[in-house]
Structure formats: C-alpha cells, structure tokens
Amino acid sequence: MSTVTHIPAGSDQAPPPDRTPGPRTAVGGSRAGAKIFNGFSHLFLAVWAIMVVYPLLWVVMSALKTDSEVIRKPLSLFPETLQWGNFTRAWTEGHIGDFFLNTVLVLTGSVFLTMLLGSMAAYVLARYDFPGNRLIYYMFLSGLTLPVYLAAVPLFKGVYNMGVTLPFLGPNKHLMLILVYVAWSLAFTVFFMHSFFRTLPNAIAEAALVDGASHSRMFFSVMLPMAKPGLISIGIFNVLGQWNQWYLPTLLMQSVAGEPKNQVISQGLIELSVNQGYKSDWSGLFAGVTMAMLPVLIVYIVFQRQVQSGLTAGVSK
C-alpha cells in the first residue's frame, strides 16, 4: 500500500517521489530477450563453424583414404588406414611440386612489388597535396570496378605482342604473370593503404623532417614501420587472392608445343582433376587439393591477430 503525503497549501515543496516497488516485467523481459538472442547467435555460430570446418576436414581425411574407400564411403571422416603415400604420389606423379614451386615464385615477386608500389603510391596520395591528386586516386579506385574478364582480349593481345618483341615478357612467362598480378592488385592495395596512411600522426613526420630526413628516408624509416599492421593485413589479402587466382594464369600461362608448362597451383589442380579422374586416382586428387589448401590456411592462422588488429586500427583511427 502506498502512503499519501499531505503538503500544506501554498507550500512550494514538491511532493516526494513514490518509492513503491513497481513491476519488473520490463527488466525481466529485456534480460530474457537478451538470453534468447545470445542463445540464437551462439547456435548460428556453431552451425556456421560446422559448415566451414566439416568440408575442410572431409577433404583432408579423404586424402588419407584409398580409392575404394573414397567411392564406397564418401562422407566418412575416418579412413581404415592412413595412406600417407597419396601425398607423395600427388607431389611427384601429379606434378604438384612443380605447380607449387611456380606459384611460390610468382607470388614472391608479385606480392613484394604490389606491397612496395602500392604503399608508396598510397602514401603520396594520402600525405601530399598536388594538382591531380584526387584524379589519380579515383583512377586507382576505378580499377576495383572493372571486371578482369572484360580486359581478357586486349590483355592477351598485349601480352602476345610484347612477347614478340621481348620474349621474356611473352605468354607462359613468370615475369609477365608477376606484372599482371601487380597491376590487378594495386587498386585495392592503394585504396586500403591510403586510408591507413591518413590516420598516422603528422607530428612524427614533421619531427623527422626537422631532423634532416629526406622524404624517401622518412617514408621507409618512419612512416612505413608505423603502417606495419595495415601492411600485414593487405599482404595477407594479396597472398590469398593471388594464390587462388585461376583466370589470369589460365589466360596467360599457355604453353605451346615444346615449351615447359609453367602452370601455377590453381591450373595444376584443374589438370590433376581431369587426369586423375580418368585414372580413378581420387585419393591423389584429394591429396593435391589438401597440399594446395594448407599453405594459405596456415598463413592466415599464423597472422590472424595481425590481420584483425590492422583492420581494427584502420577503422578505429
């Protein structure tokens, strides 16, 4: 029962608040809703994790089966005996080793040049004002809107013509694929690093100039180390994108009769699937897919925290 407080007439005193306990249904309802939402989100994440992890685990375990097990029990995760020889057969007879070496060679040059040129261009566009700055920046951004398929014919024609004049830049050459990868990856690299460089403090750059550092020395010795989280993040994206690239190598790495095949891992897996399909060597095919999948998975797991911190830093700053 609530009490009634009598206030004398003409008094300016405000009545005290009613401290009678009221209903708590709203608070209880909000807590119940939060619990239901948390339970639903956890359930969704668990289902999503199963959908992602199970196919990866299935591919790895299928690589350790015999061909008969792959056909008789395709969805089973546990082989009767572990067939480690499948990896050796895929590496040698399936030429996965050659494809792997070509891919590492191309990615080493392309990722290095992409990070170097992209960070330099992004730094200049982000930190210096000059006529045409925004025009150049938007020209880089326009590269994100152009599908690579639209440039297939002129790209192949240009590579072929360059190969006539400069044989080391023609089709089926590692250097040409490296240059094409760099051009293909520069747009997103400049876009990402441009936003990151704009968040770096001006005081440190001004102090370096006062101490007598040149612009190039300030970039390589001061600003670039400060942008390390962003460099790691965009570097991982470039490695993943170029490792899984299939269309450009298929378009440009076409060997003619008498020339060695300089195929990368994505092309090699397609060829392996065709050849091994006729040979019914399904375990060797799964072994090749596993060896192509594990490197990028390991790279992401190792640098997971750096990627997340780089993305968070670029957004929060």
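All letters in the sequence shown, in the order written, are residues 31 to 347 by my numbering.
Every residue gets a Cβ at the ideal spot worked out from N, C-alpha and C, and that includes glycine.
Under the three-state DSSP convention, the category residue i falls into
{"i": "Pro13", "result": "Absent from the model: residue 13. The displayed extent of the chain is 31 to 347, so no value can be given."}
{"i": "Glu110", "result": "coil"}
{"i": "Ala243", "result": "coil"}
{"i": "Gln293", "result": "coil"}
{"i": "Asn116", "result": "helix"}
{"i": "Asp311", "result": "coil"}
{"i": "Gly162", "result": "coil"}
{"i": "Ser140", "result": "helix"}
{"i": "Leu176", "result": "coil"}
{"i": "Phe250", "result": "helix"}
{"i": "Leu209", "result": "helix"}
{"i": "Pro201", "result": "coil"}
{"i": "Thr133", "result": "helix"}
{"i": "Gly271", "result": "helix"}
{"i": "His72", "result": "helix"}
{"i": "Ser346", "result": "Because the pLDDT at Ser346 is just 49, under 50, the model does not fix this residue reliably, and the value given afterwards should be weighed accordingly. Here Ser346 sits in helix by DSSP."}
{"i": "Ala322", "result": "helix"}
{"i": "Leu105", "result": "coil"}
{"i": "Gly124", "result": "coil"}
{"i": "Ser98", "result": "helix"}
{"i": "Leu196", "result": "coil"}
{"i": "Gln334", "result": "helix"}
{"i": "Val329", "result": "helix"}
{"i": "Trp78", "result": "helix"}
Residue i vs residue j beta-carbon contact at 9 Å
{"i": "Ile264", "j": "Phe333", "result": "no"}
{"i": "Thr320", "j": "Val141", "result": "no"}
{"i": "Ser313", "j": "Leu94", "result": "yes"}
{"i": "Leu282", "j": "Phe186", "result": "yes"}
{"i": "Gln336", "j": "Pro259", "result": "yes"}
{"i": "Phe250", "j": "Asn116", "result": "no"}
{"i": "Gln297", "j": "Trp276", "result": "yes"}
{"i": "Gln284", "j": "Asn163", "result": "no"}
{"i": "Leu207", "j": "Pro279", "result": "yes"}
{"i": "Asp97", "j": "Lys291", "result": "no"}
{"i": "Phe130", "j": "Ala322", "result": "yes"}
Buried or exposed by the 16-neighbour rule on C-beta atoms within 10 Å, applied to residue i
{"i": "Trp114", "result": "exposed"}
{"i": "Ile331", "result": "exposed"}
{"i": "Val240", "result": "exposed"}
{"i": "Tyr211", "result": "buried"}
{"i": "Ser32", "result": "Confidence at Ser32 is low in this model, with a pLDDT of 48, below 50, so its placement is unreliable and the value that follows should be read with caution. Exposed: under 16 other Cβ atoms inside 10 Å."}
{"i": "Thr144", "result": "buried"}
{"i": "Leu196", "result": "exposed"}
For residue j and residue i, the rounded distance between their alpha carbons
{"i": "Ile236", "j": "Gly148", "result": "The sequence shown places Glu at residue 236, not Ile. Spanning the two alpha carbons is a distance of roughly 23 Å."}
{"i": "Asn132", "j": "Asn191", "result": "23 Å"}
{"i": "Ser215", "j": "Thr229", "result": "22 Å"}
{"i": "Leu146", "j": "Asn268", "result": "12 Å"}
{"i": "Gly242", "j": "Pro184", "result": "47 Å"}
{"i": "Arg61", "j": "Phe74", "result": "20 Å"}
{"i": "Ile101", "j": "Leu137", "result": "36 Å"}
{"i": "Val82", "j": "Lys103", "result": "21 Å"}
{"i": "Leu254", "j": "Val329", "result": "22 Å"}
{"i": "Thr118", "j": "His245", "result": "52 Å"}
{"i": "Phe70", "j": "Ile80", "result": "15 Å"}
{"i": "Leu327", "j": "Ile266", "result": "11 Å"}
{"i": "Gly271", "j": "Leu107", "result": "29 Å"}
{"i": "Ile295", "j": "Glu289", "result": "18 Å"}
{"i": "Phe67", "j": "Trp78", "result": "16 Å"}
{"i": "Met150", "j": "Leu165", "result": "17 Å"}
{"i": "Arg157", "j": "Val304", "result": "51 Å"}
{"i": "Pro161", "j": "Lys65", "result": "56 Å"}
{"i": "Thr111", "j": "Val252", "result": "55 Å"}
Residues near residue i by beta carbon distance below 6 Å, same chain, minus five either side
{"i": "Ala217", "result": "Phe170, Gly173, Leu174"}
{"i": "Ala152", "result": "Val220, Met223, His224, Phe227"}
{"i": "Tyr167", "result": "Leu155"}
Same chain only: Cβ atoms within 7 Å of residue i, ignoring 5 sequence neighbours per side
{"i": "Leu205", "result": "Phe198, Leu199"}
{"i": "Pro109", "result": "Met91, Leu94, Lys95, Glu99"}
{"i": "Gly318", "result": "Ala120, Gly124, Ile126, Leu299, Leu302"}
{"i": "Gly193", "result": "Leu199, Gly200, Pro201"}
{"i": "Met248", "result": "Ala235, Ala238, Leu239"}
{"i": "Ala182", "result": "Leu281"}
Chain D within 9 Å of residue i, Cβ atoms only
{"i": "Thr280", "result": "Here chain D cannot be found, since the structure has a single protein chain."}
Residues near residue i in its chain [Cβ-Cβ closer than 8 Å; skip 5 each side]
{"i": "Val189", "result": "Leu199, Gly200, Pro201, Met206, Val210, Leu282"}
{"i": "Pro177", "result": "none"}
{"i": "Ser346", "result": "Low confidence applies here, because Ser346 scores a pLDDT of 49, under 50, leaving its location unreliable and the question unanswered by this model."}
{"i": "Leu135", "result": "His204"}
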